[in-house]
Structure formats: structure tokens, C-alpha cells
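2 protein chains.
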Amino acid sequence: MSLSTQPYKGARDFYPDDKRLQKYMFGVMRRVVESFGYQEYDAPIIEPLELYLSKSSEEIVAEQTYSFMDRGGRQVTIRPEMTPTVSRMVAARRQELSYPLRLYSIPNVWRYERPQKGRLREHWQLNVDLFGVADLLAEHEEILVADSILKAFGAKHDDYSIRINSRKLVDAILRDHAGMDDERLQKIVRFVDHRSKMPHDEFREGLAQIVSEAKARELIKIFSAKSFDQLPEKYQKHPSAQNLLALQKLLAASGISNTLEDISLMRGFDYYTDIIFEVFDEHPDNNRSMFGGGRYDGLVAAFGVESVPTIGFAMGDVTLQNFLEGHDLLPKLPTEIDAVVVMVGDVYGAAQKVLAAWRTNGLNLAVDNSGRKLDACIKSAVKSGVLHVLFIGEQELASGKYKLKNLESAKELELDQEEVVKILKTE
Amino acid sequence: MSLSTQPYKGARDFYPDDKRLQKYMFGVMRRVVESFGYQEYDAPIIEPLELYLSKSSEEIVAEQTYSFMDRGGRQVTIRPEMTPTVSRMVAARRQELSYPLRLYSIPNVWRYERPQKGRLREHWQLNVDLFGVADLLAEHEEILVADSILKAFGAKHDDYSIRINSRKLVDAILRDHAGMDDERLQKIVRFVDHRSKMPHDEFREGLAQIVSEAKARELIKIFSAKSFDQLPEKYQKHPSAQNLLALQKLLAASGISNTLEDISLMRGFDYYTDIIFEVFDEHPDNNRSMFGGGRYDGLVAAFGVESVPTIGFAMGDVTLQNFLEGHDLLPKLPTEIDAVVVMVGDVYGAAQKVLAAWRTNGLNLAVDNSGRKLDACIKSAVKSGVLHVLFIGEQELASGKYKLKNLESAKELELDQEEVVKILKTE
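Going down the list, the sequences are from chains A and B. Numbering-wise (my numbering), the first sequence opens with residue 868 and increments by one. Numbering-wise (my numbering), the second sequence opens with residue 868 and increments by one.
Have a look at this one:
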């Protein structure tokens, strides 16, 4: 039996066309986050499993990690997310680093889930984290960065919405209705987090099993508020609710008017401490959460160093690509190869000098060194999607005049060495 | 007990300075290989373990893989190398792809080894593979690409040598001296591959245990040949030896004169079928193999499709960085942040418009939104290594004149919006 040619289930092979698209998306991300002063970092894809225990999401650690024991008996896992890692790195150099510290990365992360639209087992994730800013200006910047990335892809404010909430506010509401039992509170948070995935009846019944019937009814009423001014007055006056309103004003001053208050927004991770946000695709056929983030002030201190106020978000490549496709925002990206070079006669050695000169001048030239006949070479060039064929024979090398054929227009030009560069760089 | 802040043993955290260096190295690699028409691909870091069984290196599979069973009962491994993966991908689209097919990737790969200089458990590896060219022109191109990359980093031919050999030639020699037993032959190949890591006596004794004392003496004499013209005449006439001489001539015509014939060069992988090459650092303090490659015509066909002639090499980031450091070829890379923006007074909201305009114009601006006093902000900017501080207050916003301070020269300029862009893009 021969080996399978398929990639691991729920993960993707990237052929050049796919990789080009990924590089385009990552390029836009990099350009925008760097314009805000974020600097790229990276880390090993393997981390000790304990890094995620109680610091991440119970569901992820218990059901979705790629964990195993290495040959030295260490319990490790392929990272399911990047936040614990970047917190570890900041903690390691807590004193040497200067603040505000802006870090970004585009790691691949792994989760064992049922593969489905927008959700794969391996995906890449832009992580944007700001360390050292305790107040709202940090929230403003993170949401502005997220918004700027979507706009840099050509998205309009109608295409998406930004929902905001506060874990502190949720905490206050839950403690009023479900008591001081931390475990029960976390249970509710996780349950509400999955609300959109279940029918309303199931949600009501499930909630009633965690608290009482009566409390469940009260909570459902609260979680159904369309905006904060529909909340009971005491919660409207809560400092975190006030903060959220101030944040919305600040964002509106930056031209970001598509924020929505959403008291039922939870985010899956345990480490969030206050304001959280999530960006939703507003396309009627694909109305779903795309990505989000929030404040997680406690995580760096989990490594035994002084606490650092922190906020961050992560944007996955799969959901982003779905969004860009859905809104017709992906450009057609041509191959990086400027021309296929076809040798006429035995000039391979003699042509090396001019090829080297062209390459140094920035041209990407793929030599057809297959030894096939001219026709076969040109057929291959057409199949490869390259726009030009450049012919080199003894005559061309002697005269310094080269024949360049545009495969789309079938036009042929006779060009000297410099003209070849000029034409190929512009066409 | 708090969590460890250290990365997994034998793997690296990349803080922004480290990541910048990696991006520089990858950028040079990408530029050169793309100038030869190679296109980037990628694949999941997890592959089925069987992909490496008998197709890679026995040592790697048995002792160095990060293998485990996933939650679905699949025996998988984190890739220890990329060659089986790219072969799988080509096999999957054998018919749709056009040839010559040029593919490159810069994946991270994992091997459980004792970490030491130039060898870590996780490293990145440029993989450059050419599919569909059966003759020497493919070998010429691969070595030319490798050589062009080193030159693009500023290396001179004295800094490194390129050793070449043929597995077919080695095979012929071994069959003459050790018989037709394939297993014994592979044992010798692997043993000779480790020759540089053991004293000569140990090598002689080890070899004598695989073949006889007398045969071992003969083989050692052959493996000690400094060039092919020191080999017994029948091996000098072997087609592969002739091919290697032709290759050297072709390379010399491309200005590559630092190739050395090395009959003891083996390369660790089982899949090589003929010509192999390895690039050595010639620095007296670090004279070691850096990277290499060779022809592996049989691997694509292992997936049950028609065979494709193939050659490839892989260049690791750790050994490359050691090489560049050893020869003083690494540039000093400044931060990507053009300026730290310090707000004077309560102008955060009002300043957003001009900040957005500057960022759209390509400036990378990190706002100090920490709320600290001016002095503390400037101190942080100095610590972060950024060259400029840009001050924005009410007066600046009203007049459109901004104060830009160069932290190195302590020079201050008053500039309008466009002049800020001009200065920051040039300084």
C-alpha cells in the first residue's frame, strides 16, 4: 500500500497559490500592526502542558490539546493559543523590557476539534498584545488596530460589528444572582459563551440547572438586553459599564461607530479580567464571531513577577479568509515569477552571466532546464500561469537582443538587457 | 510554585531583536530563491509517523521524532524534516502541476537531540526543491542557488567550501568491497556519515566489525582520497564520477570554484539516489558541515504515482546564523519603530487624525499611552532603542508644527506634517 498524499485531517497544505494568499493576508496584518509600533516575536510551538492548566480554557486543555510526553518524560503540548506564551516571555524579562510594550506574532496553533467551516485543527493567528497600560487608552488602541486591519483589507463598517462587554460587570451581575461560588460563576460564563450554538429552550433549561428557575429567568432577561441602557439601573451605574461607554465615545472620535454593547459576550478564556470585545461578520450568510480579545491583567504575574496590565486580541486566518471571501475583498494575486526562460540550443552555460545580472536587478526568472523541445517548454510555461517567456539562444547572446513573449497578448518584443528588466518590472 | 518562564529545552524564544534577525535572514533567502523562480509552499507541522518510516533516516525516526497518538488514535509526529512532506504534496497533484516545478519553504522542524552549538531541537530550515529535471542542470542550479544565498549574505568563496559526491558511486564501491547485502551497505553509509565525530581508531575498528579487517583497510584508503583522481581507476571511470566532474566544470563556468570532491560524504538520509553535496564552514574555529542536499528521484513515486526526478537542499537557520556571526556578516538591524509619540496634555483623542494620516503614509508610531510624566516617557523611549520622540500637544495640533527629537543627537526639529514623514523615513 502506498502512503496517503493527504494532509493531516483538519489541517491544510499550502500550494504556492494558497501560500501567496496567506502571505498577502499576513503582509497586510504586519504593515498595520507595525504602524502602531508593535514588534514581532515568536516562540517554540511546544510548551509544557502546565502552562495552560487553569490559565487558559478548561475545555481546550481537557478536550482539545495535542498533548504528549516527550522522550525526556516532560508533559508537553503543541500550543493551542499564544497568550500564555507571550505572558511567559514578558515575565522572563519583566525588568529589561520597556513599557508600553507592544508585541505581535502570527503563530500557528493547534486544537483537536471537529473540522468545520471557519474552524480547523491548525490555524494561524495574529496575536496583538499591549503591556503596561492600565486604562481605557489601551482598549481604544487594541480595537483601533483590529479595525484598521479590517479597513486595510478594504472592509467597510457595514461589513462587521464590534461587540463589547466587561467581565467585571458580568461578574457583578452573576454574584447578585448566583452567589459567591466561583466555580458556579465560571460554569455560567462558559455556558453563556456557548449560547449561540443552542436553541433558546435548551439554554433556559441548562441555565436553570446551574442556578434556580427564577434566577435563570432573571439572568436571561439581563443577557437579552440589546444595550446597556436596558440593564437594571444599578448595573448601568457600575464603573465597568461607565468605562465601556467612555470607550465607545473614544472610539467614535476615531471614526469607529460600529460598536455594540453586548452583555452576553463572554469569550472562552478564563484569564480575562475586565473589558472584552469580539468582532462579528455581518454578512447575512455568515453572521458569526470572527475574532476578539480583552484585558487579562493577571497573567504575567502568574509567573511569580510583579503584575503588568495587559490587553490583547487574536485574529485567526481561517475566519478572516472566510470574511474576505464573503465580502469579495480578496485580490487576484499573480505569480512572483516574472518570466520562464527558454534556451534555444546549447547555451545553458553561456547564459548564466546575463541571468545572474537580471536576478541581481530584481527579476524572478525560472529557467526551463528540462531539456524538452521548445513547444513543450512553452506549454509548461502557459500551464504554470507565468505571463512571459524569455528566449535565449546563441544569436541573442551575441547581439544582446532578447526575445520576450507575452503569453496573454502573444506579443513578442526584441529587447536589450536593460529593457527586459524595465518591461518585466512593469507588466 | 509559579510557572517557569523558560522556553522548552533546546528551543528558542524570539524577542523582537531575535525575530528581526530571523526575518532578515529569511528575507535574504526568499529574495534569492524567488529570483530563481522558486515559489513558497507550506504544510501542517503534524504528519503521520508512517511518512518517515523507511523514507527518511532510521536514526531520526527511532530516536529523534516527537511522535504521539492524537485524540483520534492516529500515530502522528511533529515533522523532523520537510522532504517527505513536499514529496507528498507533489504526488497529490502530480498531473496538475507544471514542470520544472520549483518549490521552497522555511518550515520549523523538530528533532529530539542533545542541544549543542549549531544544533537545537527546534530549528527553521529553508527547503529548496526542483522537480522534473533529470540531468546535471538541476544539480548545477541547486548548488548555484545555495551559493547565491551565501553570497547575498556577503560571504566570500574562502569562507566556505562545497563538497560533492555521488551515492551511486559510493554504492558501486561498497558493493565491490562489502557484497550485495543492502542492509550492510546502509550500515556502512551511516557509519561513514558519522566519521568526523569519532577518533580514527574507533572508525577503523567499527568498520572492521561490519566488513572484514582487510576490506576495512581498503575502504579506509578509498574514503581517504582527497580527490577523485586518487581513486582506483575503475571508479574514476564510473558514470557518476564523470558526471561529478562535468558538474564541477559547469559550476566553474558560473564562477563557483570552491567545490571539492569528497568520496566520504554520505548525508544522513536514506532517500538520496545519486549526486549529493554539502556546504562546509571554512572558519578555522568552526570548520563544520552547514547544510546540504542531493538528488532523491524515488520519493514522489513512493506515493503510488509516476516517478519524478527530484533534487533539493535544506539550509538550517541555526548553523547559518553561526556561520554569519563567525564571519562577521550580520548587520546591525534597527527597530522598525520610527518614533515614540509623547502626548503633552489631554490630546489623545484630538491627535488620532494626524496619527492615522502618518501611519497611512508608512510611519510606524508607538504612542506612549501609559499616562506617566514626560520624563518617564522619554526614559522609556531611550530604553526601547527607538531613535526619535515626536511630541504632540494642543499647540502642535493647532499650529500643525510638531517637535521631533532625535534621541542620539539630542537635536530637536520643528516640522510640519509632511516633513515629519520625510525625516522619519530617511533618518
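Yeah, the Cβ is synthetic: ideal placement off N, Cα and C, and Gly gets one too. Keep in mind that this is a model prediction, so the values were computed, not measured.
Taking the C-alpha atoms as reference points, what is the distance between residue i and residue j?
| i | j | result |
| --- | --- | --- |
| serine 972 of chain B | isoleucine 1204 of chain B | 28 Å |
| valine 1056 of chain A | threonine 872 of chain B | 29 Å |
| lysine 1116 of chain A | tryptophan 1225 of chain A | 55 Å |
| threonine 932 of chain A | glutamate 926 of chain A | 9 Å |
| leucine 1363 of chain B | glutamine 889 of chain B | This structure does not reach residue 1363 of chain B, given that chain B is present from 868 up to 1294, and the question cannot be answered. |
| glycine 1046 of chain B | asparagine 1153 of chain B | 37 Å |
| glycine 1159 of chain B | alanine 1181 of chain B | 6 Å |
| isoleucine 1123 of chain B | alanine 1022 of chain A | 51 Å |
| threonine 952 of chain A | lysine 886 of chain B | 15 Å |
| leucine 1114 of chain B | glycine 1193 of chain A | 52 Å |
| lysine 1199 of chain B | leucine 1041 of chain B | 49 Å |
| asparagine 1236 of chain A | glutamine 1284 of chain A | 21 Å |
| glycine 939 of chain A | lysine 876 of chain B | 10 Å |
| phenylalanine 893 of chain A | glutamine 992 of chain A | 10 Å |
| asparagine 975 of chain A | leucine 1257 of chain A | 39 Å |
| glutamate 1080 of chain B | leucine 1127 of chain B | 29 Å |
| alanine 1243 of chain B | leucine 1274 of chain B | 14 Å |
| leucine 970 of chain B | proline 883 of chain A | 8 Å |
| tyrosine 1102 of chain A | leucine 1118 of chain A | 22 Å |
| proline 911 of chain A | methionine 949 of chain A | 10 Å |
| isoleucine 1206 of chain B | glycine 1252 of chain B | As written in the sequence, residue 1206 of chain B is alanine, which differs from the isoleucine given in the question. Approximately 10 Å between the Cα atoms of the pair. |
| tyrosine 1027 of chain B | isoleucine 1077 of chain B | 33 Å |
| glutamine 1097 of chain A | serine 1033 of chain A | 16 Å |
| leucine 1241 of chain B | serine 1247 of chain B | 10 Å |
| glycine 1171 of chain A | alanine 958 of chain A | 8 Å |
| serine 1063 of chain A | methionine 1133 of chain A | 12 Å |
| serine 965 of chain B | valine 928 of chain B | 32 Å |
| valine 943 of chain B | arginine 961 of chain A | 37 Å |
| glutamate 1069 of chain A | glutamate 930 of chain B | 51 Å |
Would you list the one or two residues that DSSP bridges to residue i?
| i | result |
| --- | --- |
| isoleucine 1245 of chain A | DSSP lists no partner for isoleucine 1245 of chain A. |
| aspartate 1235 of chain B | B:Val1209 |
| aspartate 909 of chain B | A:Phe881 |
| aspartate 1049 of chain B | Per DSSP, none; premise fails for aspartate 1049 of chain B. |
| aspartate 1283 of chain B | B:Lys1268 |
| tryptophan 1225 of chain B | DSSP, once it has assigned bridges, lists no residue as partnering tryptophan 1225 of chain B. |
| isoleucine 1259 of chain B | B:Met1210 |
| isoleucine 945 of chain B | B:Ile913, B:Tyr933 |
| valine 1078 of chain B | Paired residues: none, contrary to the question. |
Which residue from the options puts its Cα closest to that of residue i?
| i | options | result |
| --- | --- | --- |
| isoleucine 1029 of chain A | A:Asp1129, A:Glu948, A:His1105, A:Pro874 | A:Asp1129 |
| glutamate 1261 of chain B | B:Ala1218, B:Asn1228, B:Ala1005 | B:Ala1218 |
| proline 982 of chain B | B:Val1208, B:Leu1132, B:Arg879, B:Thr1202 | B:Arg879 |
| isoleucine 1157 of chain B | B:Lys1220, B:Glu917, B:Phe1147, B:His1007 | The sequence given here has methionine at residue 1157 of chain B, not isoleucine. Comparing Cα-Cα distances from methionine 1157 of chain B to each of B:Lys1220, B:Glu917, B:Phe1147, B:His1007, the minimum goes to B:Phe1147. |
| aspartate 1184 of chain A | A:Asp937, A:Arg898, A:Glu930, A:Arg986 | A:Arg986 |
| isoleucine 1142 of chain A | A:Asn1228, A:Pro1176, A:Lys1035, A:Leu1166 | A:Lys1035 |
| proline 915 of chain A | B:Ser954, B:Glu1145, B:Leu870 | B:Leu870 |
| glycine 1161 of chain A | A:Ala1001, A:Gly1216, A:Gln1109, A:Pro874 | A:Ala1001 |
| glutamate 1279 of chain A | A:Lys1270, A:Val1287, A:Asp909 | A:Lys1270 |
| isoleucine 1016 of chain A | A:Ala1248, A:Leu1282, A:Thr1202, A:Leu1187 | A:Leu1187 |
| aspartate 1025 of chain B | B:Asn1125, B:Arg1155, B:Ala929 | B:Asn1125 |
| histidine 1150 of chain A | A:Leu1191, A:Phe1020, A:Lys1088 | A:Leu1191 |
| serine 863 of chain B | B:Thr1227, B:Val1167, B:Lys1268 | With chain B covering 868 to 1294 only, the question about residue 863 of chain B has no answer from this structure. |
| glycine 1216 of chain B | B:Arg1071, B:Tyr908, B:Leu1264, B:Arg941 | B:Leu1264 |
| isoleucine 1089 of chain B | B:Asp1043, B:Ala1120, B:Glu989, B:Tyr979 | B:Asp1043 |
So, helix, strand or coil for residue i, using DSSP?
| i | result |
| --- | --- |
| phenylalanine 1136 of chain A | coil |
| proline 915 of chain B | strand |
| arginine 969 of chain B | strand |
| threonine 1293 of chain A | helix |
| lysine 1220 of chain B | helix |
| glycine 1073 of chain A | helix |
| tyrosine 933 of chain A | strand |
| valine 976 of chain A | strand |
Ordered list of alpha helix (DSSP H) runs contained in the stretch 982–1046 of chain B, each at least 4 residues
Qualifying alpha helix (DSSP H) stretches, in chain order: 1003–1019, 1034–1045.
Counting only runs of 3+ residues fully inside the stretch 1108–1189 of chain B, write out the beta strand (DSSP E) ranges in chain order.
Runs found: 1126–1128, 1142–1148, 1155–1162, 1177–1183.
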